[in-house]
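Following: one structure in structure tokens, then a few remarks.
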Amino acid sequence: MRGYGDEQTLSWMTDAVRLGGVPEGWSGAFRTAAARLPDLGDTVATTLNIDDADPIRVYIAGAGETVDSRVADATSAYEQARIMAAFATWSAVADIQFVQTTNRAEADIEVLVGDTPPYGEAGYPGGGVQQMFMSNRVPQWTDAGALDEGGFGFLILIHEIGHLIGLTHTHDADLGAIVMPGVTSAFGDYGDNDLNQEVFSVMSYNRGWATGPLGNLPESVIPFGSPENPSAIDIIAVQRKYGVNTTAAAGDDFYVMQSLDRSYRTIWDTAGLDAIRHDGSTDAVIDLRAATLAFAAGGGGFVSHLAGFHGGFTIASGVVIENGIGGAGNDTLTGNATANTLFGRGGNDSILGGEGADTLNGNTDNDTLDGGTGADSLTGGYGDDWLIGSPDADFLDGSPGDSDTLDYSAAAGGVTVRLWNNSVSGDPLVSGDTIVNFENVEGGGGGDFIVGNLRANRLSGNGGNDTIIGSGENDTLEGGEGVDVLRGNAGMDVLIGGTGSDALTGGAEADHFVFATAGDAGIGAARDQIIDFEQGLDRIDVSGLSPDVFEFRGSAPFDPSGNPELRLFETPSGSTIVMFDLDGDGVTDAEIRVAGITGLQATDFLL
Numbered sequence: 001m002r003g004y005g006d007e008q009t010l011s012w013m014t015d016a017v018r019l020g021g022v023p024e025g026w027s028g029a030f031r032t033a034a035a036r037l038p039d040l041g042d043t044v045a046t047t048l049n050i051d052d053a054d055p056i057r058v059y060i061a062g063a064g065e066t067v068d069s070r071v072a073d074a075t076s077a078y079e080q081a082r083i084m085a086a087f088a089t090w091s092a093v094a095d096i097q098f099v100q101t102t103n104r105a106e107a108d109i110e111v112l113v114g115d116t117p118p119y120g121e122a123g124y125p126g127g128g129v130q131q132m133f134m135s136n137r138v139p140q141w142t143d144a145g146a147l148d149e150g151g152f153g154f155l156i157l158i159h160e161i162g163h164l165i166g167l168t169h170t171h172d173a174d175l176g177a178i179v180m181p182g183v184t185s186a187f188g189d190y191g192d193n194d195l196n197q198e199v200f201s202v203m204s205y206n207r208g209w210a211t212g213p214l215g216n217l218p219e220s221v222i223p224f225g226s227p228e229n230p231s232a233i234d235i236i237a238v239q240r241k242y243g244v245n246t247t248a249a250a251g252d253d254f255y256v257m258q259s260l261d262r263s264y265r266t267i268w269d270t271a272g273l274d275a276i277r278h279d280g281s282t283d284a285v286i287d288l289r290a291a292t293l294a295f296a297a298g299g300g301g302f303v304s305h306l307a308g309f310h311g312g313f314t315i316a317s318g319v320v321i322e323n324g325i326g327g328a329g330n331d332t333l334t335g336n337a338t339a340n341t342l343f344g345r346g347g348n349d350s351i352l353g354g355e356g357a358d359t360l361n362g363n364t365d366n367d368t369l370d371g372g373t374g375a376d377s378l379t380g381g382y383g384d385d386w387l388i389g390s391p392d393a394d395f396l397d398g399s400p401g402d403s404d405t406l407d408y409s410a411a412a413g414g415v416t417v418r419l420w421n422n423s424v425s426g427d428p429l430v431s432g433d434t435i436v437n438f439e440n441v442e443g444g445g446g447g448d449f450i451v452g453n454l455r456a457n458r459l460s461g462n463g464g465n466d467t468i469i470g471s472g473e474n475d476t477l478e479g480g481e482g483v484d485v486l487r488g489n490a491g492m493d494v495l496i497g498g499t500g501s502d503a504l505t506g507g508a509e510a511d512h513f514v515f516a517t518a519g520d521a522g523i524g525a526a527r528d529q530i531i532d533f534e535q536g537l538d539r540i541d542v543s544g545l546s547p548d549v550f551e552f553r554g555s556a557p558f559d560p561s562g563n564p565e566l567r568l569f570e571t572p573s574g575s576t577i578v579m580f581d582l583d584g585d586g587v588t589d590a591e592i593r594v595a596g597i598t599g600l601q602a603t604d605f606l607l
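Structure below.
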């Protein structure tokens with residue numbers, strides 16, 4: 001006997017033959033499949049099948065009738081409709097049909113609703129008529145919404161029908177099934193990778209998406225938060241038993257996310273051009289990846305959901321949903337291995353294409369786009385967007401206006417990026433890429449050559465020995481690690497050498513040379529050099545070297561006082577070494593060289 005999640009039901013399960021055992025001499029209908037490695041489907045699938053040669057006839061007992069010595073109560077038309085709707089959820093995913101009959105003599109399954117052990121119980125397939133018992137003395141049956149999609153009672157119906165057709169609990173090793181890895185108890189034990197919960201299998205005793213952002217739902221919450229159909233693990237198990245429903249959702253379907261507490265639904269879709277879509281302003285997670293069935297994260301699916309609400313979608317193994325459409329919130333969209341179209345619409349969205357030749361569009365606001373592998377097309381749209389270069393020949397368009405960033409930080413080798421003529425070459429990561437409408441660049445781990453355009457650029461070399469050149473506007477150039485050469489050219493530029501021995505040339509107009517750490521400045525032969533400092537125009541910003549303000553000593557020696565100090569040493573060749581004592585102990589901790597100039601004053605520094 002199998003039941004749903006209460007102590008009384010568990011005690012009834014000690015009688016193995018009474019409902020759930022295999023009667024002596026019975027031979028059931030078994031189906032075989034090609035040899036394969038175990039997966040999550042094997043955690044709920046027994047070796048027993050119900051005889052489905054004809055539509056399986058379901059009889060709902062009338063008032064006063066007895067089933068296995070228990071007496072039925074009357075059921076309303078609504079209750080009967082909900083019982084049959086639960087049977088239909090299994091037909092929607094597998095080649096197994098159920099019909100209601102009013103002739104008890106021809107029934108394959110008898111359903112009794114009445115004063116039975118909460119919440120429900122049902123037997124495995126066996127000889128003769130199968131039986132399912134549902135209690136109508138508990139809120140899971142009587143509360144408003146309990147038997148609607150997402151209601152706790154409707155979930156219990158689906159769960160018990162799973163037993164009737166040969167499925168067991170995720171925490172039981174019955175008749176060929178294996179216990180879900182990591183699960184040692186029925187309640188509150190989510191197993192390895194948190195797979196033991198209803199959002200991944202309705203045969204679990206852990207409600208809804210217990211490890212999701214909103215946490216576990218108490219049993220007192222009845223009308224929402226449960227699955228409305230079999231979950232991905234259950235779907236593959238029942239399909240292996242009875243075959244696949246090959247005609248379900250064969251058109252072009254929209255699966256629309258709703259800003260309300262409702263149900264979790266596992267999508268079984270067989271054809272068409274389909275999309276998960278959100279039309280509201282709540283932040284959405286839209287994930288087009290199907291359940292992998294592996295004993296790993298994602299094995300039971302990836303949950304698409306809205307912030308602050310119980311409910312959403314997962315996608316069954318083998319299903320392809322091609323497109324994702326966000327709403328007005330800050331959405332996260334993730335594609336799959338096929339060619340996806342992912343459209344962020346409003347909000348600051350994060351869009352990842354994954355595998356396949358994808359089309360990504362952020363639309364409005366400040367978006368982050370990453371095509372993943374495949375020849376992808378990325379369009380930032382309005383707002384300050386961040387487009388990430390990835391393997392294969394991509395088209396990357398920051399869109400006109402705003403301040404958009406081209407990110408090649410994943411490149412191991414050097415890249416050459418010229419924003420002024422929209423060209424890129426170098427590391428295999430960038431091979432074949434087309435770029436247009438960018439203001440900013442992030443280089444990679446190699447020696448990069450980056451040139452801006454006639455916009456206010458932010459150009460960052462990151463790792464490697466880089467050459468970074470501004471192009472006439474007010475630019476920010478950042479070398480990062482390595483021995484870098486930075487040239488601002490015209491415009492009021494900010495130059496940040498980063499670590500390594502860097503050469504900084506501001507160019508015309510008032511420039512700022514910024515040193516945020518002792519490592520940025522260097523010391524001795526590894527010190528940074530400012531090539532073209534202009535007194536009264538340029539500034540050297542050393543305020544980040546110490547939380548306290550530096551005492552400007554001029555050419556006088558340090559006077560150890562416990563406070564940070566700055567002193568100048570003018571070389572015979574007409575340059576100045578700026579020395580920093582960061583902790584006030586009289587010892588030089590960092591230096592920079594200012595070439596071709598002496599007589600620096602405190603006003604030349606931001607101390």
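So for the sequence shown, the UniProt record's numbering puts the first residue at 1; every next one is plus one. Yeah, the Cβ is synthetic: ideal placement off N, Cα and C, and Gly gets one too. These numbers come from a predicted model, not from an experiment.
- With contacts defined by Cβ atoms closer than 8 angstroms, Trp209 and Asn245 do not form a contacting pair.
- In this structure, the CA atom of Gly470 is about 19 angstroms from the CA atom of Gly463.
- Scanning its chain for C-beta atoms nearer than 8 angstroms, with the 5 sequence neighbours on each side dropped, one finds around Ala86 the residues Phe154, Leu157, Ile158, Ile161, in chain order.
- Taking C-alpha positions only, Asp589 is separated from Gly596 by approximately 23 angstroms.
- If you look at Asp95, you'll find it isn't in any alpha helix (DSSP H); DSSP assigns it neither H nor E.
- As computed with DSSP, Asn323 is found in a beta bridge with Ala275, Thr341.
- When the Cα atoms are used, Gly497 and Ile540 turn out to be separated by approximately 12 angstroms.
- Residue burial annotation: Gln239 is buried, with at least 16 other C-beta atoms found within 10 angstroms of its C-beta.
- Remark: C-beta atoms of Asp370 and Gly353 approach each other more closely than 8 angstroms.
- Looking at Ser403, Asp402, Asp433, the one whose alpha-carbon comes closest to that of Val417 is Asp433.
- Here the alpha carbons of Ala237 and Gly243 stand approximately 10 angstroms from one another.
- Secondary structure at Phe395: strand, using DSSP grouped into helix, strand and coil.
- The beta carbon of Arg82 lies closer than 6 angstroms to those of Leu147 in the same chain, with the five residues before and after it left out.
- In chain order, Gly324, Leu333, Gly335, Ile351, Leu360 place their CB closer than 6 angstroms to the CB of Leu342, counting only its own chain and leaving out the 5 sequence neighbours on each side.
- Using a 10 angstroms sphere on the CB of Ala45, the tally of other CB atoms reaches 16 or more, which defines it as buried.
- Counting only runs of 4+ residues, no alpha helix (DSSP H) is found wholly inside the stretch 358–428.
- Pro227 sits in a strand when the DSSP states are folded into three classes.
- With a cut-off of 8 angstroms on Cβ pairs, the stretch 514–525 is in contact with the stretch 575–592, counting three or more such pairs.
- Taking C-beta separations shorter than 7 angstroms and ignoring five residues to either side along the sequence, the partners of Gly488 in its chain run Gly470, Asp475, Leu477, Leu495, Thr505, Gly506, Gly507, Asp511, following chain order.
- Taking Arg289 as the centre and dropping the five residues before and after it, the same chain places the C-beta of Phe302, Asn336 closer than 6 angstroms to its C-beta, in chain order.
- The three-state reading of DSSP puts Val430 in helix, counting H, G and I together.
- Between His305 and Gly212, the C-beta gap is smaller than 8 angstroms, which places the two residues in contact.
- The Cβ atoms of Ser263 and Gly150 lie closer than 8 angstroms to each other.
- Shown here, Leu288 sits in coil according to DSSP, grouped into three states, outside any helix or strand.
- The C-alpha of Pro218 is placed about 42 angstroms away from the C-alpha of Gly383.
- Of the residues Gly128, Pro38, Ser317, Ile450, the one whose Cα lies closest to the Cα of Ser423 is Ile450.
- Annotation: the continuous alpha helix (DSSP H) that includes Asp520 extends over 518–521.
- At a Cβ-Cβ threshold of 8 angstroms, Ala92 and Ala248 count as neighbours.
- In the three-state scheme derived from DSSP, where H, G and I count as helix and E and B as strand, Asn193 is classed as helix.
- Of the other Cβ atoms in all chains shown, 16 or more fall within 10 Å of the Cβ of Pro227; this residue is therefore buried.
- Assigned with DSSP and collapsed to three states, Val202 falls in coil, not helix or strand.
- Closest option to Gly123, judged by alpha-carbon separation, among Pro117, Phe133, Ser201, Asn196: Phe133.
- Contact between Gly326 and Ile286 holds, with the beta-carbon distance rounding to 6 angstroms and staying under 8 angstroms.
- Restricting attention to Ile577, Ser561, Ser575, Glu551, the CA atom closest to the CA of Ala602 is found in Glu551.
- Ranked by Cα distance from Thr102, the options Pro572, Val58, Thr338 are led by Val58.
- Residue state for Met579 is assigned as strand, using DSSP reduced to three classes.
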